[in-house]
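Undergrad: Before we start, here is the structure in question, set down as structure tokens.
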Amino acid sequence: MFTGIVEELGEVVGVTPTAQDSVLVAVRGPLVTSDARHGDSIAVNGVCLTVVDVDGGVFTADVMGETLRRSALGTLRAGDPVNLERAAALGSRLGGHLVQGHVDGVGEVLAREPAPRWETVRFRLPVALSRYVVEKGSITIDGVSLTVAEVGDDWFSVGLIPTTLALTTLGTRAVGDPVNLEMDVLAKYVERLLGARPADAPVPGPVAS
Numbered sequence: 001m002f003t004g005i006v007e008e009l010g011e012v013v014g015v016t017p018t019a020q021d022s023v024l025v026a027v028r029g030p031l032v033t034s035d036a037r038h039g040d041s042i043a044v045n046g047v048c049l050t051v052v053d054v055d056g057g058v059f060t061a062d063v064m065g066e067t068l069r070r071s072a073l074g075t076l077r078a079g080d081p082v083n084l085e086r087a088a089a090l091g092s093r094l095g096g097h098l099v100q101g102h103v104d105g106v107g108e109v110l111a112r113e114p115a116p117r118w119e120t121v122r123f124r125l126p127v128a129l130s131r132y133v134v135e136k137g138s139i140t141i142d143g144v145s146l147t148v149a150e151v152g153d154d155w156f157s158v159g160l161i162p163t164t165l166a167l168t169t170l171g172t173r174a175v176g177d178p179v180n181l182e183m184d185v186l187a188k189y190v191e192r193l194l195g196a197r198p199a200d201a202p203v204p205g206p207v208a209s
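Oh and the sequence shown: position 206 is 206 in the UniProt record's numbering, straight run, nothing missing.
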């Protein structure tokens, strides 16, 4: 589990094919590797990956075909910057929102509108995911926890403050670039629970004491 608060802007060192539909990715991140061990979880652009090895500030992780197909990690090349976050520790502050590191789909940067102190960025998203996005709700973009400003049928926008622009990949994403999207897990659970309830079933009320 993660919080969507990026700890470090890392760099892809290499991407090595290991099978027909999988790769071994090597990422430089001195901060996130300072206490990383084999088997630990690190989010790379919002995708939860399992550490295989750590060597001199660089960690490696296997990325299977399913992850490559459902996220934008398949476009990574050596030299690319990536957002990094270690798994949250129990008892730590939750600065963003609950993020699983399980990408729901790939979006696309549609437009950027700079302002003196912040920037509004609009993203396209798969129509099937739009039902999980609400104004002032939470969404994770490339591993960054953000608040939705506006919502359309197949798009949404967010406001990026100077810190986010400077310390994450979202500051340099160009129009047309793909981004990883993770919807708020609470919305997905609510949908599942309501969908499983018969249409004529009463809505549970408070329990009398």
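C-beta: ideal position from N, C-alpha, C; glycine also.
Quick one: is residue 209 buried, meaning 16 or more other Cβ sit within 10 Å of its Cβ, or exposed?
TA: For this step, residue 209 is matched to residue 209 along the sequence shown. Residue confidence for residue 209 is low, a pLDDT of 41 falling below 50, so the modelled location carries little weight; the figure read from the coordinates is stated next. An exposed status is given to residue 209, since fewer than 16 other beta-carbon atoms sit within 10 Å of its beta-carbon.
Undergrad: From 142, 163, 134, pick the residue whose C-alpha is nearest to that of residue 150; which is it?
TA: Within the sequence shown, residue 150 is the residue found at index 150, counting from 1. Answer by Cα proximity: 134.
Undergrad: Taking C-beta to C-beta, are residue 36 and residue 59 nearer than 8 Å?
TA: By one-based count along the sequence shown, residue 36 stands at place 36. By one-based count along the sequence shown, residue 59 stands at place 59. Result yes, Cβ atoms of residue 36 and residue 59 sit closer than 8 Å.
Undergrad: Just curious, the beta strand (DSSP E) that residue 159 is in, first and last residue?
TA: Numbered from its first residue, the sequence shown carries residue 159 at position 159. Counting along the chain, the beta strand (DSSP E) containing residue 159 begins and ends at 155 to 160.
Undergrad: Across which residues does DSSP place residue 114 in a beta bridge pair?
TA: Here residue 114 refers to the residue found at position 114 when the sequence shown is read from its first residue. For residue 114, which the question treats as bridged, DSSP gives the partners 119.
Undergrad: Residue ranges of each alpha helix (DSSP H) run of no fewer than 4 residues wholly in the segment 25 to 72, ordered along the chain?
TA: 65 to 70
Undergrad: Taking all protein chains shown into account, decide if residue 161 is buried (16 or more other Cβ within 10 angstroms of its Cβ) or exposed.
TA: As a position in the sequence shown, residue 161 is number 161, starting the count at 1. Flag for residue 161 reads exposed.
Undergrad: Quick one: Cα of residue 22 to Cα of residue 85, how far?
TA: Residue numbering aside, residue 22 sits at position 22 when the sequence shown is read from its first letter. Residue numbering aside, residue 85 sits at position 85 when the sequence shown is read from its first letter. Residue 22 and residue 85: Cα-Cα distance of roughly 22 Å.
Undergrad: Is it a yes or a no for the segment 67 to 78 touching the segment 111 to 118, going by three-plus beta-carbon pairs under 8 Å?
TA: no
Undergrad: Should the segment 13 to 28 be called in touch with the segment 154 to 174, which here means at least 3 C-beta pairs below 8 Å?
TA: no
Undergrad: Near residue 179, which residues of its chain fall below 6 Å by C-beta distance, leaving aside the five closest residues on each side in sequence?
TA: If you number the sequence shown from 1, residue 179 lands on position 179. Cβ neighbours of residue 179 beyond the five flanking positions: 107, 141, 142.
Undergrad: Please name the residue in 158, 20, 91 whose C-alpha comes closest to that of residue 171.
TA: Here residue 171 corresponds to residue number 171 of the sequence shown, with the count starting at 1. Comparing Cα-Cα distances from residue 171 to each of 158, 20, 91, the minimum goes to 158.
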